[in-house]
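Here's the structure we're looking at; comments come further down.
Take a look at the structure:
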């Protein structure tokens with residue numbers, strides 16, 4: 061008899077609980093679907109922390125803010141909204157995503173929301189946060205923008221998790237949910253990119269070096285090789301000129317220095333004397349010199365300016381004393397002719413120099429072919 | 005069918021193997037995405053050529069409104085030295101300070117070696133087997149041989165072929181994006197190890 065009574069109690073309990081579930085299901089079914097709903101895992105302003113980084117990695121530096129946007133379809137009183145973080149979107153019992161923790165969540169911005177006045181209801185758990193306000197009516201299809209700050213992401217990378225959102229008339233998420241809906245978000249592997257900038261020197265010489273048509277930087281790949289000939293035969297009544305070009309860049313903290321070495325122009329044992337002290341050309345006098353600037357010879361310029369122009373910052377190239385004055389020439393083997401010391405020696409982006417070579421000859425200069433091989437040496441100091 | 009989102013990032017994201025364990029399917033295999041904790045550029049930085057690197061990501065969702073993927077993080081930095089991000093989409097220009105990315109198949113003329121890939125499967129493949137592919141690069145990250153990097157930018161969405169209207173949906177099956185990163189430096193770029201951590205965030209709107 062006691063057994064029968066017990067069964068009856070159990071049966072009654074089952075019936076009652078079934079009825080309760082039915083009521084709950086009916087309540088859930090009657091809730092309207094929250095529309096246009098999303099969850100964005102926000103980063104810090106500079107994008108360096110937060111976001112979708114899983115909390116279980118070394119690069120996880122700070123909890124992100126979780127921004128929810130959605131539309132509540134039902135007009136009526138709203139006093140609270142519940143956010144429940146789960147491993148599945150609906151129906152099944154809510155299990156907290158691995159490693160996540162919303163217990164320390166704070167209320168963030170509601171900018172752009174037509175339903176405002178919320179704050180965090182005390183008692184947030186690892187996966188459940190309720191925001192509350194003084195219960196008040198909202199219109200149908202009111203948009204909600206609300207941000208929960210300081211929510212620790214799940215600890216697993218490439219891991220989808222869901223948030224079940226429910227609105228309530230009560231201020232503590234009790235009673236029947238009015239509108240419900242789920243959103244999804246995913247953690248992701250942080251992409252750690254790395255590369256090495258080694259010590260760098262780019263230096264080239266040639267008869268000509270083209271400039272990139274877009275960046276106007278010299279292209280060493282276009283440097284031409286071979287013999288450089290003076291533009292005219294040597295004459296006692298006119299000056300002969302020739303030019304070559306070179307380009308240099310370095311990231312050396314101490315910059316670079318360029319020297320020129322080689323003999324003066326020679327024909328066998330007969331030289332054209334080099335100019336040891338910078339001077340203007342003297343027609344009818346044997347002399348060989350050079351400089352690295354744009355010269356004005358009558359109406360025809362010879363040589364060229366350093367390109368791009370130095371700015372004491374990204375571009376620091378400069379011709380050095382003796383080789384830096386228009387229409388003034390010098391040649392001493394071993395001289396430093398240029399460096400990246402515009403304002404101060406330092407690293408510089410690529411610039412092109414144009415060297416102008418100048419020859420005058422006296423009436424007794426022996427006939428013949430005069431030549432020399434000049435070598436430019438660029439030395440960066442790292 | 006509940007709300008669904010599958011999103012993953014990695015150095016590589018493969019396609020799943022067919023049951024014969026040999027043939028590749030067209031379904032991204034997020035479970036086997038490789039770590040992206042140390043993606044290195046293909047060469048040392050230098051002022052006369054472009055360095056490149058790639059990563060991949062995959063996404064699918066049944067969200068009706070679409071998904072949007074943003075990229076977040078600083079440009080490449082070494083202490084207080086940095087490489088300038090490309091604010092407005094532009095081609096590679098060796099000798100200048102540039103850090104950028106795109107989600108396209110780039111030519112060898114741009115980077116020295118052909119780098120990157122189109123989203124796969126392509127939206128045009130959606131006629132096969134009743135699947136729908138709507139993933140696409142957007143917002144300046146969709147131009148072959150051109151690059152851009154602005155933290156917070158949306159770089160992809162699932163609105164390829166999407167026409168707003170009753171019954172319209174931007175839901176999409178899984179596709180793999182290949183992200184190409186490029187770096188140019190001026191001759192004066194200080195020596196050092198440059199790095200950054202980028203975070204991709206996929207936000208579906210249901």
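Protein chains in written order, with the numbering used here: chain A, 61 to 442; chain B, 5 to 210.
All C-beta atoms in this analysis are idealised placements derived from N, C-alpha and C, irrespective of residue type, glycine included.
Just so we're clear, the structure is a prediction, and the values are computed from it rather than from any experiment.
| query | result |
| --- | --- |
| Residue 409(A) to residue 86(B) span [Cα, whole Å] | 15 Å |
| Interface positions of the stretch 185 to 218 of chain A facing chain B (Cβ-Cβ less than 7 Å), listed along the chain | 218 |
| Residue 302(A) - partner residues in DSSP beta bridges | 417(A) |
| Cβ pair count under 8 Å reaching 3, the stretch 154 to 162 of chain A against the stretch 182 to 193 of chain A | yes |
| Proximal residues to residue 154(A) (C-beta, below 6 Å), its chain only, five neighbours per side dropped | 144 and 146 |
| Chain-ordered residues of the stretch 399 to 429 of chain A with a beta carbon less than 7 Å from chain B | 407, 408, 409 and 410 |
| Short-range partners of chain B found in the stretch 132 to 164 of chain A, where Cβ spacing is below 8 Å | 148, 149, 150 and 151 |
| Cut-off 7 Å between Cβ atoms - residues of its own chain near residue 83(A), not counting five sequence neighbours on either side | With a pLDDT of 39 at residue 83(A), under the threshold of 50, the modelled position of this residue cannot be trusted, and the question is left open. |
| Bounding residues of the alpha helix (DSSP H) (the contiguous stretch that carries residue 215(A)) | Here residue 215(A) belongs to no alpha helix (DSSP H), and DSSP marks it neither H nor E. |
| DSSP bridge partner residues for residue 14(B) (one or two, in chain order) | 60(B) |
| Chain B within 8 Å of residue 366(A), Cβ atoms only | no |
| Proximity below 8 Å, CB of residue 177(B) to CB of residue 64(B) | yes |
| Below-8 Å beta-carbon distance, residue 106(A) vs any chain B residue | yes |
| Residue 88(A) versus residue 236(A) - alpha carbon distance | Residue confidence is low: residue 88(A) scores 46 on pLDDT, short of 50, so the model does not pin down where it sits. No coordinate-derived value is stated. |
| Within 8 Å, strictly: CB atoms of residue 202(A) and residue 219(A) | no |
| Continuous beta strand (DSSP E) stretch holding residue 244(A): start and end | 239 to 246 |
| Contact list for residue 128(A) against chain B, beta-carbon separation under 9 Å | Correct list: empty, because the minimum Cβ distance to chain B is about 11 Å. |
| Neighbouring residues, chain A, relative to residue 59(B) (Cβ below 9 Å) | 249, 251 and 253 |
| C-beta atoms of residue 195(A) and residue 231(A) nearer than 8 Å | yes |
| Test: residue 116(B) CB closer than 8 Å to a CB of chain A | no |
| Which of helix, strand or coil DSSP assigns to residue 7(B) | coil |
| Helix, strand or coil at residue 232(A) according to DSSP, with G and I counted as helix | coil |
| Length of the line joining the Cα atoms of residue 278(A) and residue 100(B) | 12 Å |
| Where residue 280(A) sits in the DSSP three-state scheme | helix |
| Inter-residue CB distance, residue 96(B) and residue 114(B) (contact presumed, cutoff 8 Å) | 5 Å |
| Residue 252(A) versus residue 180(B): straight-line alpha-carbon distance, rounded | 19 Å |
| Residue 151(A) burial status per 10 Å Cβ neighbour count (16 or more: buried) | exposed |
| CB-CB length for residue 250(A) against residue 157(A), believed under 8 Å | In fact, because the Cβ distance is near 18 Å, the residues do not count as touching under 8 Å. |
| C-alpha distance - residue 11(A) paired with residue 318(A), whole-angstrom precision | Look at the range of chain A in this structure, 61 to 442, and you will see that residue 11(A) is not part of it. |
| Alpha-carbon spacing of residue 210(B) relative to residue 128(A), whole angstroms | 12 Å |
| Top-ranked residue by Cα proximity to residue 68(B), from 192(B), 162(B) and 190(B) | 162(B) |
| Below-8 Å beta-carbon distance, residue 262(A) vs any chain B residue | yes |
| C-beta atoms of residue 417(A) and residue 301(A) nearer than 8 Å | yes |
| Cβ-based burial, residue 91(B) [other Cβ within 10 Å; buried from 16] | exposed |
| Whole-number beta carbon distance between residue 139(B) and residue 123(B), since they are thought to touch under 8 Å | 5 Å |
| Best match in 24(B), 196(B) and 59(B) for proximity to residue 15(B) [C-alpha to C-alpha] | 59(B) |
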